[in-house]
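Enquirer: In our numbering, each number is its position in the sequence shown, counted from 1, plus 1202. Questions regarding the structure given below will be posed in turn.
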Amino acid sequence: MGRESVASVLAAPSLQLMADEIRYLKHLEKNPQETGTFIGELEKWRLAGNRHFNKKDFESAIHIYKRCARLGRGFESITTEEFRGRATPIVIMADSNCAQAYLERRQWESALQSAEGALSLGPQHVKSLFRKGKALQGLQEFKKALAALEAALELRPYDDSTMAAVAEVKSAYHQSVTGEFDLYNYYLENLPPFCSDYVGSVEIKSTATAGRGLFLTESMKLGQLVIVSNAIALGLAARGKFNEHLINLAFACTRLATSSVRYAHQFRYFHSRLKNQNARVPPLELYIPGSDWAPDPHSKVEPPGIEEALEIVRINSFDSSRIGNPEAFLDGLKDALGHTPPAQVNVCALWALPSLLNHSCLPTCAVSLVGKAMFIRATRDLPAGTELTISYVVSDSLDREQLTKAWNFACRCERCLFDEIVKPHISDAVQMFSDIMSDFEARLPRALEPDKLKYEIFSRLIHHVEQRIQNLPCKLDDRQKGWVRFIFQRGYMLRIVFCPQEVSRLEKIEMVAQLLNIYKAVEAGTCGLNLQLAACLLKGVELEYGRSSHEYQSTRKVFCTTRPIIRFDENDIINNLQLELWR
């Protein structure tokens, strides 16, 4: 090969060689007797990458693997027939290991590119087929992932890890298409399974006051699943470090957007005051697993800088106040984090499609988490065209209007206006409730069990609340009465928890039913309502009336509609309620 042709080959953009690498290969082309030494050095670089990988220094490992692969490819492009092919096995292993390092960093697109680089030289390299499948699974391209994994399984039948991956991808594909998720073991053992994203009958449209929003294209029944979305980034920090969890999440976002074209486009549509993009309506395909979405080749999207990323996470992320108990949330995120986080942490996470949900104090959908997967369900029967909304703030607070100012709007919904009217008339009950809860939380018992004194304290509070409701100057319907009671919902809950043995079963049933009706008034599922509470009511009715009774069958219908709407914010209280109430 002539000197000019060697130079042009090595300068080809496809090789992406550095200047020093080109000089090295030119020297090797002039000194073929050093080929054996070069192959030995190439293998040493690959092994050096392995050492960094084993130390979990994936960034250094990737750098070394890529250099090894570049030099190997450059050598193969200029060498004579005598030496051709000697570097290829090393390049295949370097590319394949690089793919695994990218997988460890959850950089799916880069992992796919490296795996395909290895397969371009060795189409039947089993590890590369497996890693290609895992990268495609991370990208939620499940049909393509299944093809790669089944090809690997054909070459290495009965491999346990490949068979498990095939089963997982088949399940994920089924989930993404049908919206059917088997969560039975999760609710029994709190071990979150792998969950695919799922996008049901929704569309993204402009709204008159809130920029963009999610709207139903078909009617939905109470509890019906609408969307499942996995967190795209997580932020953690020890408690006491001001906003460090948000800063960590922002840096995670910049890395993610830099490594993925799809994520870079998703970040383009997050709400941000730094760019005038809040009215832009993204294509729904951008969020659907396996869709035919592709970036506009004529439009380059820059990943957000750290300042914009901080603005994005500040406005769009869900922290523990919106997620619920942060420790319970973290239990489900250990796989995503790759390690067991400390107990005392602040945590926040970012979800892409759910970031388009607008606020309402009477939300039309409920949010629950299974690991890092956010499940969004209808809180009541909803007609087509309904906007999907959630509550951005703790919804039993009388200061919701003030709290929503963090998002630069003041909520003036029906419920907020109602609160303004009744607030002066229930201020003494609110103060009484605050004093009781402050004292209770300061001396929180290790075991929540029947306690006559505490039961009487919360019973007096509830009696006072009910009197205030009856004596309000305006007449309230049942729903509005529920709004007032919801301000004190923890008191209604704790009255049940501390209920002593001498209280009759019928009285207990009425208390549980009343609590369920309180939650229903603010759209079931937004706070506190869960499977255990519904099951508790059903058990009480069964003991009182029997399974064949009309009362039991009617309650079972209620139980079946509340089953999908599950929150674990007060899990310890509910479990105790389930165990103690009917003894």
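Glycine included, C-beta positions come from ideal geometry on N, C-alpha and C.
Quick one: give me the first and last residue of the beta strand (DSSP E) that L1416 is part of.
Expert: First-last of the beta strand (DSSP E) with L1416: 1413-1418.
Enquirer: If we ignore side chains and look at the alpha-carbon of each, how far apart do A1440 and N1548 end up?
Expert: Whole-angstrom Cα-Cα distance: 6 Å.
Enquirer: Starting from the N-terminal side, write out each stretch of the alpha helix (DSSP H) that is 4 residues or longer and does not extend beyond the segment 1577-1663.
Expert: Correct list: 1602-1605, 1616-1624, 1629-1644.
Enquirer: Under a Cβ-count criterion, where at least 16 other Cβ atoms within 10 Å of its own Cβ denotes burial, should A1452 be classed as buried or exposed?
Expert: A1452 should be labelled buried.
Enquirer: For the beta strand (DSSP E) that contains A1440, what are its first and last residues?
Expert: 1435-1440 is the extent of the beta strand (DSSP E) around A1440.
Enquirer: Quick one: residues in its chain with C-beta nearer than 8 Å to the C-beta of V1371, no 5 flanking neighbours on either side, listed in chain order?
Expert: Answer for V1371: G1335, Q1339, F1344, A1347, L1348, L1351, listed in chain order.
Enquirer: Considering just the uninterrupted stretch of the alpha helix (DSSP H) at N1432, what are its terminal residues?
Expert: From DSSP, N1432 is part of no alpha helix (DSSP H) but of the beta strand (DSSP E) over 1427-1432.
Enquirer: Is H1327 helix, strand or coil when you go by DSSP?
Expert: Coil.
Enquirer: Measuring CA to CA, which of F1520, H1229, S1398, R1662 is closest to G1381?
Expert: Minimum Cα distance to G1381 is reached at S1398.
Enquirer: Is C1300 helix, strand or coil by DSSP?
Expert: Helix.
Enquirer: Quick one: residues in its chain with C-beta nearer than 7 Å to the C-beta of S1461, no 5 flanking neighbours on either side, listed in chain order?
Expert: These residues qualify, in order along the chain: Q1309, E1311, S1312.
Enquirer: Does the beta-carbon of D1222 have 16 or more other beta-carbons within 10 angstroms, so that it is buried, or is it exposed?
Expert: Burial call: exposed.
Enquirer: For I1294, which residues of its own chain have a beta-carbon under 6 Å away from its beta-carbon, when the five flanking residues on both sides are left out?
Expert: Same-chain partners within the cutoff: A1320, L1323, G1324, H1327.
Enquirer: According to DSSP, is D1679 helix, strand or coil?
Expert: DSSP places D1679 in coil when its eight states are reduced to three.
Enquirer: What do you get for C1676, buried or exposed, if any count of 16 or more other CB atoms within 10 angstroms of its CB means buried?
Expert: By the neighbour-count rule (16 or more Cβ atoms within 10 Å), C1676 is not buried but exposed.
Enquirer: What residues in its chain sit with their C-beta under 6 Å from that of A1250, if we drop five residues either side in the sequence?
Expert: Taken in chain order, the residues that qualify are I1266.
Enquirer: For R1457, decide whether its Cβ has a neighbour in chain C, counting only Cβ atoms nearer than 8 Å.
Expert: Among the protein chains of the structure shown there is no chain C, as only one such chain exists.
Enquirer: Could you pull out every residue in the same chain whose Cβ sits closer than 6 Å to the Cβ of L1331, ignoring the five residues on either side in sequence?
Expert: These residues qualify, in order along the chain: A1350, A1353, A1354.
Enquirer: Look at the alpha carbon of M1220 and the alpha carbon of Y1226, and state the distance between them as a whole number of angstroms.
Expert: Near 10 Å, if we compare the C-alpha coordinates of Y1226 and M1220.
Enquirer: On the DSSP letters alone, give me the boundaries of the beta strand (DSSP E) that A1490 sits inside.
Expert: Here residue 1490 turns out to be Ile, not Ala, going by the sequence shown. Taken as a continuous stretch (DSSP letters only), I1490 belongs to no beta strand (DSSP E), as it is neither H nor E.
Enquirer: Taking the beta carbon of Y1721 as the centre, do at least 16 other beta carbons fall within 10 Å, making it buried, or is it exposed?
Expert: Label assigned to Y1721: buried.
Enquirer: Count the other CB atoms within 10 Å of the CB of L1655; is the residue buried (16 or more) or exposed (fewer)?
Expert: Exposed: under 16 other Cβ atoms inside 10 Å.
Enquirer: Can you check DSSP and say which residues form a bridge with F1409?
Expert: According to the sequence shown, residue 1409 is Thr rather than Phe. Beta-bridge pairing links T1409 to G1413.
Enquirer: What span of residues does the beta strand (DSSP E) with V1724 cover, start to end?
Expert: Per DSSP, V1724 belongs to no beta strand (DSSP E) and is neither H nor E.
Enquirer: Pull up the DSSP beta-bridge partners for N1194, would you.
Expert: No answer is possible for residue 1194: the residues shown for the chain start at 1203 and end at 1785.
Enquirer: Taking buried to mean at least 16 other C-beta atoms within 10 Å of its own C-beta, is H1665 buried or exposed?
Expert: When all chains shown are included, H1665 counts as exposed.
Enquirer: Tell me which residue opens and which closes the alpha helix (DSSP H) that A1271 is part of.
Expert: Start and end: 1260-1280.
Enquirer: Quick check on DSSP: helix, strand or coil for N1233?
Expert: Coil at N1233, not helix or strand.
Enquirer: So, do the segment 1405-1423 and the segment 1358-1375 have three or more beta carbon pairs nearer to each other than 8 Å?
Expert: Because the criterion of three Cβ pairs below 8 Å is not met, the segment 1405-1423 and the segment 1358-1375 do not touch.
Enquirer: On a CA-only basis, which of H1500, E1278, R1253 is nearest I1224? Give me that one, please.
Expert: For I1224, the nearest C-alpha among the options comes from E1278.
Enquirer: So, at 7 Å on beta carbons, what are the nonlocal neighbours of E1318 in its own chain, with the 5 sequence-adjacent residues on each side left out?
Expert: K1334, listed in sequence order.
Enquirer: Go to L1351, then tell me how far its alpha helix (DSSP H) extends in each direction, as first and last residue.
Expert: Run containing L1351: 1344-1357, per the alpha helix (DSSP H) assignment.
Enquirer: Please work out which residues of its chain come closer than 8 Å, Cβ to Cβ, to S1363, disregarding the five sequence neighbours upstream and downstream, and give them in chain order.
Expert: Closer than 8 Å at the Cβ level, and outside the excluded window around S1363, lie F1332.
Enquirer: Do you know how far the Cα of D1653 is from the Cα of R1687?
Expert: Rounded to the nearest angstrom, the two C-alpha atoms are 23 Å apart.
Enquirer: Run through DSSP, which three-state label would N1548 get?
Expert: If DSSP states are grouped into helix, strand and coil, N1548 belongs with the strands.
Enquirer: Taking I1517 as the reference, give the member of N1252, F1642, E1261, W1609 with the closest Cα.
Expert: If we check each option's Cα against that of I1517, W1609 comes out closest.
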